[in-house]
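Chemist:
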Amino acid sequence: DTAVSQTPKYLVTQMGNDKSIKCEQNLGHDTMYWYKQDSKKFLKIMFSYNNKELIINETVPNRFSPKSPDKAHLNLHINSLELGDSAVYFCASSQNWGVGEKLFFGSGTQLSVL
Amino acid sequence: DAKTTQPNSMESNEEEPVHLPCNHSTISGTDYIHWYRQLPSQGPEYVIHGLTSNVNNRMASLAIAEDRKSSTLILHRATLRDAAVYYCILRGNYGGSQGNLIFGKGTKLSVKP
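These protein sequence lines are chains U and F, in that order. Residue 13 is where the first sequence starts when you use our numbering, and the numbers rise one by one after that. Residue 125 is where the second sequence starts when you use our numbering, and the numbers rise one by one after that.
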């Protein structure tokens, strides 16, 4: 049983397309996150959700829209894909928003925009 | 942001202990010290975290200086599987991170057979 699962694992698409990445956690956690890791391997926080509510949007373009239908899911929809969106996207979850909580990460979705 | 400073890379021999240092001289009283690692082609993985006291778990030990301005992650017996990038991260409610887990460059650990 994978604790935090993301689909798809690989996503290859053309510029201008719209795509979604799904994330599910079966840990019963309240808080979920999206991170982006670029080609230089820097991991950057994109969004934080707590109890389905957006807490943090780290200056991510409006083309990125997270959606949390319930506490176990946080999906990432990307409109009008650009070359610079190519990266590995990681979903994560934690029990709650506390700064002493540990995060559990998914295995990532490698997005390639051609 | 309270930032951390880590060596870019370190090498270790298999089955020997590894001490990964981290400096965080601007740490605030409520910042937790978290360690994560990322194996090649995988997502980050939690290793250990602490606030003031030293911590031990099945993966590693965390030694925190008395003034909390530095910490050391200790892998007691390195294996080839421990080769990864290790991130030392301060997580607190104040400052630019707003409670988020903000990753730096980390230390790339190589383990030689």
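Beta carbons are placed, not taken as given, at the ideal position from N, Cα and C, and that holds for glycine.
Is the Cβ of isoleucine 33 of chain U closer than 7 Å to any Cβ of chain F?
Modeler: no
Chemist: Which class does arginine 215 of chain F belong to by DSSP, given the choice of helix, strand or coil?
Modeler: strand
Chemist: Output needed for histidine 158 of chain F: all residues of its chain with C-beta closer than 6 Å, excluding positions within five of it in sequence on either side, in chain order.
Modeler: His173, Ile213 and Arg215
Chemist: Applying a beta-carbon distance threshold of less than 7 Å, which residues of chain F neighbour valine 111 of chain U?
Modeler: Correct list: Tyr156, Arg215, Gly216, Asn217 and Gly223.
Chemist: Under DSSP, the beta strand (DSSP E) around tryptophan 159 of chain F begins and ends at which residues?
Modeler: 156-162
Chemist: Just mark arginine 205 of chain F as buried or exposed, buried being the case when its beta carbon has 16 or more other beta carbons within 10 Å.
Modeler: exposed
Chemist: Rounded to whole angstroms, what is the Cα-Cα separation between asparagine 147 of chain F and glutamine 162 of chain F?
Modeler: 20 Å
Chemist: At 7 Å on the CB atoms, spell out the chain U contacts of isoleucine 226 of chain F, in chain order.
Modeler: Ile57
Chemist: From leucine 66 of chain U to leucine 115 of chain U, what distance separates their C-alpha atoms?
Modeler: 17 Å
Chemist: DSSP three-state call for aspartate 42 of chain U: helix, strand or coil?
Modeler: coil
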